[in-house]
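Chains A and B are the protein sequences, given in the same order. Quick note: the first sequence uses our numbering, first residue 321, plus one each step. Quick note: the second sequence uses our numbering, first residue 321, plus one each step. By construction, the Cβ of each residue, glycine as well, lies at the ideal position given by its N, Cα and C atoms. Step one of this worksheet: look at the structure below.
There are 2 protein chains.
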Amino acid sequence: MKIDPRKPADLSAQIAQAIRDAIISGELIVDERLPSEAELSDQFQVSRPTVREALKRLAAQSLIRTQRGASGGAFVNRISFEDAYSQQITTSTLLLSMNAVSFDTACEARFSLERACAPLSAQRRTSDQLATMRAEIFRQAQPRLSDEAFCASDVTFHRALVDGADNPVLSYQLAGAVEAMQPLMNMITFTARSREQIISLHNQIADALEERDAAKVDAKLVELEEYTRKLAQDVAQQHRKPA
Amino acid sequence: MKIDPRKPADLSAQIAQAIRDAIISGELIVDERLPSEAELSDQFQVSRPTVREALKRLAAQSLIRTQRGASGGAFVNRISFEDAYSQQITTSTLLLSMNAVSFDTACEARFSLERACAPLSAQRRTSDQLATMRAEIFRQAQPRLSDEAFCASDVTFHRALVDGADNPVLSYQLAGAVEAMQPLMNMITFTARSREQIISLHNQIADALEERDAAKVDAKLVELEEYTRKLAQDVAQQHRKPA
DNA sequence: AAGATTTTATTTGTCTGACATTTAAAAGTC
DNA sequence: GACTTTTAAATGTCAGACAAATAAAATCTT
């Protein structure tokens, strides 16, 4: 692990990159302890605060964890699916909100990915997952539910569907797409009529999963996508010419 | 933005989270300048190094960028698709390598997602993207190509397919899945026979895209997935009883 | 000798104060 | 008015110190 002090980039960024490369290449393995901050400052010929800034960068990416005390230090972290989820959700959410991604584009991506899970989910869904979906549908039918709570329940429903595929890699990839849509969905005002429609489709999706009918799940997801996009269009139109 | 100094977590982590929340909630908007490090240390009642560690954490997530000099400072960064790609690839790659995800699981996820793009790509692919795919197929046919280079070309081919869907959100999500598979794919030794088979399928996929035949693209992707999994199984079997 | 307690050493977390470097704006010069 | 110089503000880096946590070693007690 070497750095070039003449490079224009910040030393702490260079050091972080050097350690990151070592982790990715397998030179440093999971749970291995890095040299102490003092040793690293010697090794890279920089001060301790600079080393610390580098380590904090890596900690922010969940690449290392630190522990105080004797026999403490910085350890290479095994990135868990949990860690990866939350990072992905943060990034995806900001990516959509900051880059003026159209509702249609996001919606298309989300439903395309979700439909990719549908056949697997139809095969493998557990009764627990089906029960979760039914419970969320029940919650969605409560008339006093706020729009935000309705959307949150929608996310839970769809995550259960995705988890039904029983493939953690798929679940991880989808987490970003499904959750990142939520702020966009929150812009929609759901009328009693539109909620009824969505709940009906949710019920049909749950039915299809119960029957393990992949084609029907797919068809209903297509319907749901179309309906969702229509709702968004209505909102956009009302914005153009308000009452 | 407030922090609680009594909390067990590191101050720099708390400060980073407070600023992160402010960005996510929209309290801080893109290109807005954060207070200077000195001002932040006053505000949070901590020292400048602690503030700096917090800022480096945010910089590692591409949430802020910094600029030196007068009228410099830390600015809220617009997360680009580029930034998000590279972060996602790093995370996905480590996630797979560190968590003993089986080849089958990763492969299933990757092809499921890719098949989600196929119908859109069949509709929208440009002739440029088709040309890229043909060029990569040509490269793959070079007999002197190393296994690593063959895999790299494979990634380029499949990314072109995904980009054909003309949906940046989909491309972003897929980048992780496709690229993260590469280290796993690199474990496969491609014989002349298996390369021939893969190239043949690539050609048929390109043909199908040229004809805008979504069903055929899908079918060929299924074939390719099956063949890839078979190759991996052979490798695993050879490991069990080596020559 | 075994177990409980205290001490000690190590390591990260934090602070203070300083200097270097970069950069844009202000001041000065022709 | 255009160019040059100066200045001020901000981040980047350094050195040295102390605080706090923690595990291991040493000591004490029974």
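As DSSP reads the structure, R385(B) sits in a beta bridge with F395(B). Short of 8 Å from the beta carbon of S361(A), and not among the five residues preceding or following it, lie these beta carbons of its own chain, in chain order: S367, R368, T370, V371. Contact annotation: G496(A) and Y405(A) have beta-carbon atoms nearer than 9 Å. Put simply, the backbone Cα of R459(A) is about 15 Å away from that of R479(A). In the DSSP annotation of this structure, the continuous segment of the alpha helix (DSSP H) that includes D474(A) starts and ends at 467-483. Under the three-state reduction of DSSP, R459(A) is assigned to helix. Taking A500(B) as the centre and dropping the five residues before and after it, the same chain places the C-beta of S412, T413, L416 closer than 6 Å to its C-beta, in chain order. Look at L378(B): its C-beta is under 9 Å from a C-beta on chain A. According to the DSSP assignment, I335(A) belongs to the alpha helix (DSSP H) that extends over 331-345.
For A338(A), no Cβ of chain B is located within less than 9 Å of the residue's own Cβ. Listed along chain B are I343, I344, L383, I399, each with a C-beta nearer than 8 Å to that of L414(A). The beta-carbon of Y547(B) is placed no less than 9 Å from the nearest beta-carbon of chain A. Taken through DSSP and simplified to helix, strand or coil, R464(B) comes out as coil.
In terms of beta-carbon proximity, S361(B) stays away from the interface with chain A, with every pair separated by 9 Å or more. Sequence-distant Cβ neighbours of V482(B) in its own chain, meaning closer than 6 Å and more than five residues away, are C437, S491, L494. Contact note: T425(A) reaches chain B through N487, P488, V489, using a C-beta cutoff of 8 Å and chain order. With distances taken between CA atoms, A528(B) lies nearest to R445(B) out of R445(B), R549(B), K550(B), R464(B).
For S432(A), at least one C-beta of chain B is nearer than 9 Å to its own C-beta.
For R454(B), the secondary structure class from DSSP, reduced to helix, strand or coil, is helix.
Interface residue (Cβ-Cβ distance to chain A less than 9 Å): V421(B) is classified as such. For M418(A), the nearest beta carbon of chain B is closer than 9 Å to its own beta carbon. Under DSSP, R353(B) forms a beta bridge with F395(B). Counting every other CB atom within 10 Å of its CB across the protein chains shown gives E357(A) a total of 16 or more, marking it as buried. Taking a contact as a CB-CB distance under 8 Å, the pair S382(A) and D403(A) counts as one, their CB atoms being some 4 Å apart.
The shortest CA-to-CA distance from L378(B) to any of A333(A), R430(A), R398(A) is the one to A333(A). Straight through space, the alpha carbons of G389(A) and K536(A) are spaced by roughly 58 Å. Pairing E347(A) with S400(A), the inter-Cα distance amounts to about 20 Å. Approximately 15 Å separates the beta-carbon atoms of R430(B) and D538(B); this is outside 8 Å, ruling out the contact. For S356(B), no Cβ of chain A is located within less than 9 Å of the residue's own Cβ. Here K540(B) carries a helix assignment [DSSP, helix/strand/coil].
In terms of beta-carbon proximity, T446(A) stays away from the interface with chain B, with every pair separated by 9 Å or more. Bounds of any alpha helix (DSSP H) do not take in A390(B), whose DSSP letter is neither H nor E.
Per DSSP, the unbroken alpha helix (DSSP H) holding D527(B) starts and ends at 512-530.
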